[in-house]
Amino acid sequence: MEPADFYSGIVVDAYAKLKSSTFEAEPYLEFVRTHGQPALEVGCGDGEPLLDLCAAGLEVDGVDSSMDMVERCRTNAVARGIATHVFHQRAESLNLDRRYSSIYFAGPTFNLLADDETALQALRAIREHLTDDGAALIPLWVPDPTPDDELGVTRSTDDGQGIELRYTPLSETYDRERRTRATTSRYERVAPGGTEVADREWIIHWHTPRSFSALSTDAGLRVVGIIDDDTNEPASNASTVSTATVQRL
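In our numbering, the protein residues as written are 45 to 293.
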C-alpha cells in the first residue's frame, strides 16, 4: 500500500474515534483572513478544521488523497449544513481548476509525504495553485520515537453502536539520517459478527528548517518565515514544532 492510501477502510473509523490531537481552527482562520480567499486546505481528512472555517463564513475548499476521508468530510459537511468543495487528489499531483490566495496544511499533514521527492512535488503543485500574491502555511514537526513501553499496547474505544475500535503500534524504525519514522500498526474493528483487521505502515517524514527551505527554493517558493511554535521566535534546526509560510518566487 502506498503511503497516500494509508487512511482508508477501518483506519478512517479508528482515526475519527482514537486520534490523539485535534486541530483548532483559529490559526487557520487568522491566516486565511490575512492572506485572502479563496483558500484550500490540503489533507483535509474528515473536515477538521476545514468545516469550522466554512462555518465562519470563509470560502475554503478541501482536498485529500483518501477517497474514504473525502466521503466522510462531505457527509460531515452535509450534516452541518455547510456548502464546500472537497476534492480527491494527492498533494504531489494537485491539479485543480482554480488558484488560491491561501493554501494551508492543518497540523503536521505535510509529514505524511513519505520522502523529499514527494514533498518537493507537493510544493511545486502548491506553487502552481497559489495566486501571484498568495501564501501557503505549512506546519513542520520533528517526531520523537515511539517509547518502547507503548509498542504493543492497544488503545480502544466504542463507536457508540456496539463496535469496538482498536489501535496497536507493533514495531518501529526511526532513521534520523533519512528523517523518517515508520511505525507498523494494527487497526481492528470488533463487531458481534467478527473482527476486521488491517495492518498498516504509518510513515512520518520530517523536515528541519534548513531542509524545508532548500526544498522550497527548488520548488520556486520563497520562505517568508519559519516560526518556532514553542518560542514564537524564528525556528532553528533544533526546533521540533514550527510553522513555515511560503510564497511564489
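The beta carbon of each residue, even a glycine, is placed where N, CA and C say it ideally should be.
How would you label residue i, buried or exposed, when you count the other beta carbons within 10 angstroms and need 16 or more for buried?
| i | result |
| --- | --- |
| L293 | exposed |
| G206 | exposed |
| A282 | exposed |
| H132 | exposed |
| R254 | exposed |
| P152 | buried |
| E194 | exposed |
| E221 | exposed |
| H127 | Sequence inspection shows Ala at residue 127; the His mentioned does not correspond to that position. Burial call: exposed. |
| A169 | buried |
| A279 | buried |
| T78 | exposed |
| D112 | buried |
| D177 | exposed |
| G125 | exposed |
Do residue i and residue j have their C-beta atoms closer together than 8 Å?
| i | j | result |
| --- | --- | --- |
| T227 | E216 | yes |
| R171 | G264 | yes |
| Y148 | F75 | yes |
| R142 | P82 | yes |
| L181 | T275 | no |
| V248 | N120 | Residue identity differs from the one stated: residue 248 is Ile in this sequence, not Val. Cβ distance not < 8 Å, so I248 and N120 don't count as in contact. |
| F50 | R244 | yes |
| E136 | L102 | no |
| G53 | A242 | yes |
| L184 | H251 | yes |
| H173 | L209 | no |
| P189 | R225 | yes |
| L160 | L259 | A small correction: the amino acid at residue 160 is Asp; Leu does not occupy that position in the sequence shown. Result yes, Cβ atoms of D160 and L259 sit closer than 8 Å. |
Tell me, to the nearest whole angstrom, how far the beta carbon of residue i is from that of residue j; I am working on the premise that it is less than 8 Å.
| i | j | result |
| --- | --- | --- |
| P93 | A123 | P93 to A123, Cβ: 16 Å. No contact. |
| V107 | L138 | 7 Å |
| Y319 | A58 | Missing from the structure shown is residue 319; the chain here goes from 45 to 293 and no further. |
| L214 | R230 | 6 Å |
| A179 | T289 | 6 Å |
| S145 | G80 | 3 Å |
| E85 | V104 | 6 Å |
| R116 | V56 | 6 Å |
| A150 | G87 | 7 Å |
Across the segment 190-209 and the segment 160-179, are there enough close Cβ pairs to call them in contact, namely three or more that are closer than 8 Å? Put simply, the segment 190-209 does not touch the segment 160-179. Fewer than three CB pairs are less than 8 Å apart.
Three or more C-beta pairs below 8 Å linking the segment 94-103 and the segment 265-273: Contact between the segment 94-103 and the segment 265-273 is absent, because fewer than three Cβ pairs lie under 8 Å.
Go through the segment 128-194 residue by residue and report every complete run of the beta strand (DSSP E) that reaches 3 residues or more, in order. Taking only runs of at least 3 residues, the beta strand (DSSP E) segments lying wholly in the segment 128-194 are 130-132, 144-149 and 174-185.
Return the chain-ordered ranges of every alpha helix (DSSP H) run that is complete within the segment 190-269 and spans a minimum of 4 residues. With a minimum length of 4 residues, the continuous alpha helix (DSSP H) runs that stay inside the segment 190-269 are 253-262.
At 4 residues or longer, and completely inside the segment 66-100: list those alpha helix (DSSP H) runs for me, N to C. Note on the segment 66-100: whole alpha helix (DSSP H) runs with a minimum of 4 residues are 70-79 and 94-99, in chain order.
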